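Q: Okay, handing you the structure first.
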Amino acid sequence: MIRLYDTAHAEIRALGLREPGHLSMYVCGPTVYDLPHLGHGRYTLVWDVARRWFSFRGLEVRFVSNITDIDDNIIKRAQRDGLSEPEVAATYEAEWWRAMDLLGVARPSETPHATQWVGEMVDLITSFLDSDTGYVTSDGVYFDVSRVPDYGLLAGQPLESLRAGARIEASDEKRSPLDFALWKFAKEGEPSWPAPFGAGRPGWHTECVVMSLGLLGDGFDLHTGGFDLKFPHHENERAQAIAAGRDFAHHWDHSGWVMVGLEKMSKSLGNFTSLTHLLETTDARAYRLLVIRSHYRSPIDVTTATIADAERSLERLDALARRFELPALAGEVIEVASSHALGPKGRALVAKIGAMLDEDLDTPSAVAALFEAVSLTNQLADQGEDEIAWDLAVGINVLFAALGLTLLGSTDHVDEESSQLVRARDEARAAKDWARADELRGQLMALGWVVEDSASGTLIRRG
RNA sequence: GGCGGCGUGGCCGAGUGGUUAGGCAGGGGCCUGCAAAGCCCCGUACUCCGGUUCGAAUCCGGACGCCGCCUCCA
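Counted from 1, the first sequence has number 154 at position 152 by our numbering; the numbering is strictly sequential.
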């Protein structure tokens with residue numbers, strides 16, 4: 003049984019399934035108006051790991067994640083850069099997928115785009131106007147939050163308390179400062195869609211509720227996103243679903259944020275750090291390891307030091323892959339436990355680590371246990387227990403792959419010149435001509451290789 | 001002001017009242033022609049002050065410090 007924290011109940015509870023064996027999950031995706039930052043990388047990694055783990059456990063996962071391709075920020079960007087809104091969205095959506103591919107985040111089952119669902123949004127807003135849950139002001143259509151009795155559930159605060167702390171300036175036209183825009187009327191030069199209540203564009207909160215219910219249907223299993231989406235975004239999605247008489251997500255969960263020098267990254271602070279830049283300069287697997295070695299609901303500090311630390315940890319894993327010549331798994335393929343034939347040690351490892359991951363996705367414990375298993379495996383191999391060691395190594399490889407982390411052994415292409423040097427060095431070593439052997443090692447290193455001796459002779463790899 | 005979270009050894013980071021988290025870095029040793037990789041040993045950490053308890057990093061109270069949400073944000 004898989005248990006997972008549920009924001010709505012503020013506790014870890016069983017992840018219920020609408021249909022046995024099938025998990026429907028919706029992850030709020032990006033608004034594509036700029037390059038992705040580290041925070042995007044964090045939440046996509048967290049939910050990618052979750053998805054991969056659920057799949058590994060045999061669930062058929064339908065993973066929907068949207069692209070918000072119309073929004074105030076896109077309009078601003080378009081005006082600033084002298085481009086059309088669709089051009090801005092297309093540019094940054096392409097950048098988004100490029101980053102996701104580098105991170106090894108598997109593509110969603112479906113990726114709805116907000117602009118393709120405007121008709122459904124207009125219908126929903128119309129129904130709110132009909133029931134007086136929505137009302138028109140001079141700049142748009144608003145949702146009356148007082149119509150939802152338990153508004154504030156996800157925020158963990160009642161409506162009154164939220165209202166008292168509201169920092170939004172009161173508008174004469176809004177019934178409550180907490181009321182949010184369902185629809186914004188188009189100003190001069192802004193993109194718009196026709197609607198009976200006036201041409202304009204949908205509000206962000208309306209986009210996600212329409213797309214999630216539209217694709218996954220009533221009572222879908224799991225709705226997730228970053229911490230800061232809890233309120234108001236998810237609260238407002240939920241409010242609309244309830245007001246519309248729909249059965250919304252049965253389980254909610256939120257991943258922790260990224261800290262940069264003791265502060266949360268955020269738009270208002272402007273302390274963005276580009277994910278694209280990180281991926282250009284480091285092994286993307288290091289960020290995944292950094293993410294999974296702390297709990298998904300804790301904040302993480304991403305610095306050059308913590309990334310470098312993770313990169314070095316990764317070397318230990320890659321060394322295991324080299325030693326046992328493990329195949330590279332994961333990547334675009336989502337691993338499923340049943341497709342791997344494991345020995346008894348491997349199966350025992352899956353059982354042990356599986357229990358950790360089934361309990362609120364405890365990746366830090368799982369990673370620690372996997373590193374312990376790495377030590378044990380090397381120990382066994384040193385003692386000549388090759389069969390058991392191999393059994394464990396395969397299990398480790400499969401489990402890391404289940405979390406989306408690929409262990410890389412020697413996959414480097416060796417050119418003819420280098421392989422001649424390797425052969426020459428093996429001959430020199432066989433003849434105990436150490437001076438010659440060291441000279442040849444120096445030549446290989448000058449060519450950029452890391453040189454290691456093994457039972458089978460000289461091994462070279464890219465450092 | 002309201003709600004919530006955190007403070008662990010050089011760094012990162014887990015931790016269910018009593019038994020080794022784990023990784024990185026560092027020191028010593030083994031193995032190795034020398035290296036690399038690997039293995040073994042080493043740090044006796046829990047912001048502070050009280051309390052509960054046979055026993056607390058872990059529970060309770062308080063102090064101090066830090067962070068998040070309450071506005072766009074992943």
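Note that beta-carbon positions come from the ideal geometry of N, C-alpha and C, so glycine has one too. A quick note: this is a predicted structure, and the numbers were derived from the prediction, not measured.
1. Checking the sheet assignment: what are the DSSP bridge partners for Asp-8?
2. Considering Cα atoms alone, identify which of Ala-245, Pro-32, Gly-43 is closest to Tyr-94.
3. Which one or two residues does DSSP pair with Glu-62 in a beta bridge?
4. For Asp-320, which of helix, strand or coil comes out of DSSP?
5. Would you kindly work out how many angstroms separate the C-alpha atoms of Leu-217 and Asp-132, rounded to a whole number?
6. Can you tell me where the beta strand (DSSP E) with Ala-391 in it begins and where it stops?
7. If you reduce the DSSP assignment to three classes, tell me which class Ala-353 lands in.
8. I'd like to check one pair, Trp-55 with Thr-226: are the Cβ atoms closer than 9 Å?
9. Out of Tyr-7, Leu-180, Val-63, state which residue places its alpha-carbon closest to the alpha-carbon of Val-338.
10. Apart from the five residues just before and just after Ser-420, which ones in its own chain have a Cβ nearer than 8 Å to its Cβ?
11. To the nearest angstrom, report how far apart Val-416 and Leu-409 are at their CA atoms.
12. Below 8 Å, can you find three or more Cβ-Cβ pairs linking the segment 251 to 259 to the segment 277 to 288?
13. May I have the straight-line CA-CA distance separating Asn-75 from Arg-165, to the nearest angstrom?
14. Is the segment 317 to 330 in contact with the segment 368 to 377, if contact means three or more CB pairs nearer than 8 Å?
15. Do you know how far the Cα of Gly-142 is from the Cα of Ile-77?
16. By a C-beta neighbour count over all protein chains shown, 10 Å radius and 16 as the cutoff for buried, is Lys-189 buried or exposed?
17. Specify, as a first and last residue, the run of the alpha helix (DSSP H) that Ile-127 falls within.
18. Residues in its own chain within less than 7 Å of Val-369 by CB, not counting five upstream and five downstream?
19. Looking at the secondary structure, which residues open and close the beta strand (DSSP E) in which Ile-462 lies?
20. Which of the three DSSP states is assigned to Lys-232 in this structure?
21. Between the C-alpha atoms of Asp-364 and Ala-353, what's the straight-line distance to the nearest angstrom?
22. Taking the DSSP output, what are the residues bridged to Ile-69?
23. Specify the secondary structure class of Ile-336 as computed by DSSP and reduced to three states.
24. Quick check on this structure: which residue in Asp-435, Tyr-137, Met-3, Leu-322 has the alpha carbon closest to the alpha carbon of Gly-23?
25. Using the three-state DSSP reduction, which class does Glu-192 fall into: helix, strand or coil?
26. How many angstroms separate the CA atom of Leu-105 from the CA atom of Glu-454?
27. Let me know if Lys-186 comes out buried or exposed under the rule of 16 or more other beta-carbons within 10 Å of its beta-carbon.
28. Here's the rule: buried if 16 or more other CB atoms are within 10 angstroms of the residue's CB, otherwise exposed. What is Ala-432?
29. Grouping DSSP H, G and I as helix and E and B as strand, with all else coil, what is Val-453?
30. Go ahead and label Val-335 buried or exposed: buried means 16 or more other beta carbons lie within 10 angstroms of its beta carbon, across all protein chains shown.
31. Buried or exposed for Arg-79, please, with buried defined as at least 16 other CB atoms from any protein chain shown within 10 angstroms of its CB.
A: This is what the structure holds:
1. Glu-13
2. Comparing Cα-Cα distances from Tyr-94 to each of Ala-245, Pro-32, Gly-43, the minimum goes to Pro-32.
3. Partner residues in the beta bridge of Glu-62, as assigned by DSSP, are His-24.
4. helix
5. 24 Å
6. Careful: Ala-391 lies outside any beta strand (DSSP E), inside the alpha helix (DSSP H) at 388 to 404.
7. helix
8. no
9. Val-63
10. Leu-446, Leu-449, Trp-451, Ile-462.
11. 19 Å
12. The answer is no - the segment 277 to 288 does not touch the segment 251 to 259, with fewer than three Cβ pairs under 8 Å.
13. Those two C-alpha atoms are separated by around 26 Å.
14. Counting Cβ pairs under 8 Å, three or more are found: they touch.
15. 17 Å
16. exposed
17. 120 to 132
18. Contacts found: Ile-294, Arg-295.
19. 459 to 464
20. helix
21. About 14 Å.
22. His-115
23. Three-state DSSP puts Ile-336 in coil, outside helix and strand.
24. For the options Asp-435, Tyr-137, Met-3, Leu-322, the alpha carbon positioned closest to that of Gly-23 is the one of Met-3.
25. For Glu-192, the secondary structure class from DSSP, reduced to helix, strand or coil, is coil.
26. 29 Å
27. Buried, since its Cβ has 16 or more Cβ neighbours within 10 Å.
28. exposed
29. strand
30. exposed
31. Buried: at least 16 other Cβ atoms inside 10 Å.
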